[in-house]
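So the structure is just underneath, and the comments pick up after that.
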Ligand SMILES: Cc1ncc(COP(=O)(O)O)c(C=O)c1O
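Residue numbers (the numbering used here): 182 to 562.
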């Protein structure tokens, strides 16, 4: 009888081991048959499945209240898995303008494959009704959205999607499951860039899709086919990040709220967007569908022009000038110059992103230190 090297005396390691194996020795042909027939869960080849990855999938599924979860190499890999699994030539997809910019690049590929892509302003969800057609297969949205933190009513979108037999896919990266569980509001799939708050330390890239068992099987098929399974080392880092995820998410939302309240009356900024503010157009819907606060990201325009926004960012000492979000450190960027760089001009500025708009992602630092940093940097413009 072979001894299990991971639990030689039956005592389990506190952390899921990093299983770096590409392939696994079959115990017998009967075991091979049972695995390939789906009678038992077993591992054969890394592109199919990996125990370290599987452990983290179970944890994310639990956070989202989902039956299962597929983890892959990045948030964009997760978005692409969803598109490739469910869209066929001749289908139509409705996407809100205000989603992460790289979705625009993928939409060009979808169009080449014969899929119609309809872009809509997230602040006018009623337009979805007019855009829906018999061949609409998917509505893809974020709330709060990237970068303008617009709120879209998930339950309303779920009802619309159901009325035309389309799937509702919600990218929950900004909100995180600590604040919002889209599946409970009627979404079919929940996407994450786990690179962000789930991982939380700027040290790994990963994507996730939380869903039911049936969709897990379909998404698994695509991931296995195209080879976007996460590596075991990143899965282990993600598992470690998840251990402190709720604490970090709570702290980030407290910091974001404090910064939003500080900024609101400040004469140096305008167009402040944070769903936690009562004055925010999305506050009512956000209060219905979010809990424990309103997330860690806010957006606002600095001064009158991009030079002033650059000057403000250049004068920050604690907050880092970098893309990404949901990390232990506060991060700030100008979306026009970074996350939205690939978009055509009319999509970049046509729905509210200005040349001087900044996106600020709160970290877990001391709140007073962050406010002081913003205060001194704004004083210089
Ligand atoms: C909301 C949102 N979705 C998806 C992505 C893509 O994630 P990744 O960079 O892990 O591919 C990002 C990246 O910033 C994002 O902000």
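By construction, the Cβ of each residue, glycine as well, lies at the ideal position given by its N, Cα and C atoms.
In this text, all values refer to a predicted model and were calculated from it rather than measured experimentally.
beta-carbon residue i near ligand 1 non-hydrogen atom, thresh 6 Å
i           : result
residue 471 : no
residue 354 : yes
residue 322 : no
residue 376 : yes
residue 477 : no
residue 449 : no
residue 511 : no
residue 256 : yes
residue 281 : yes
residue 386 : yes
residue 383 : no
residue 327 : yes
Backbone CA spacing between residue i and residue j [nearest angstrom]
i           : j           : result
residue 178 : residue 481 : Residue 178 lies beyond the range of the chain shown here (182 to 562); nothing can be said about it.
residue 419 : residue 256 : 13 Å
residue 371 : residue 398 : 15 Å
residue 361 : residue 378 : 13 Å
residue 540 : residue 273 : 31 Å
residue 254 : residue 356 : 21 Å
residue 436 : residue 531 : 30 Å
residue 483 : residue 546 : 22 Å
residue 221 : residue 215 : 6 Å
residue 562 : residue 396 : 51 Å
residue 384 : residue 315 : 43 Å
residue 447 : residue 369 : 41 Å
residue 227 : residue 192 : 26 Å
residue 464 : residue 333 : 10 Å
residue 473 : residue 415 : 28 Å
Spatial neighbours of residue i in its chain, beta-carbon cut-off 7 Å, leaving aside the 5 residues before and after
i           : result
residue 295 : 270 and 271
residue 461 : 454 and 455
residue 366 : 335, 336, 339 and 470
residue 319 : 267, 268, 274, 347, 348 and 350
residue 441 : 453, 455, 457, 458 and 479
Residue environment, residue i, which counts as buried when at least 16 other CB atoms sit within 10 Å
i           : result
residue 340 : exposed
residue 521 : buried
residue 338 : buried
residue 293 : exposed
residue 217 : exposed
residue 290 : exposed
residue 485 : exposed
residue 555 : buried
residue 211 : exposed
residue 202 : exposed
Nearest neighbour of residue i, chosen from the options [CA to CA]
i           : options               : result
residue 345 : 311, 366 and 331      : 311
residue 307 : 284, 315 and 335      : 335
residue 537 : 218, 524, 558 and 514 : 514
residue 350 : 390, 364, 321 and 305 : 321
residue 525 : 196, 199 and 282      : 282
residue 559 : 220, 493, 299 and 242 : 493
residue 199 : 232, 474, 207 and 388 : 232
residue 518 : 411, 509 and 529      : 529
residue 297 : 304, 303, 313 and 305 : 313
residue 195 : 439, 353 and 417      : 417
residue 247 : 392, 263 and 431      : 392
Test: residue i CB closer than 7 Å to a CB of chain C
i           : result
residue 512 : No chain C is present in this structure, which holds just one protein chain.
Spatial neighbours of residue i in its chain, beta-carbon cut-off 6 Å, leaving aside the 5 residues before and after
i           : result
residue 230 : 224
residue 429 : 381 and 545
residue 238 : 250 and 252
residue 427 : 359
Spatial neighbours of residue i in its chain, beta-carbon cut-off 8 Å, leaving aside the 5 residues before and after
i           : result
residue 433 : 378, 476, 477, 507, 542, 543, 544 and 545
residue 445 : 453, 458 and 460
residue 504 : 512, 514, 519 and 520
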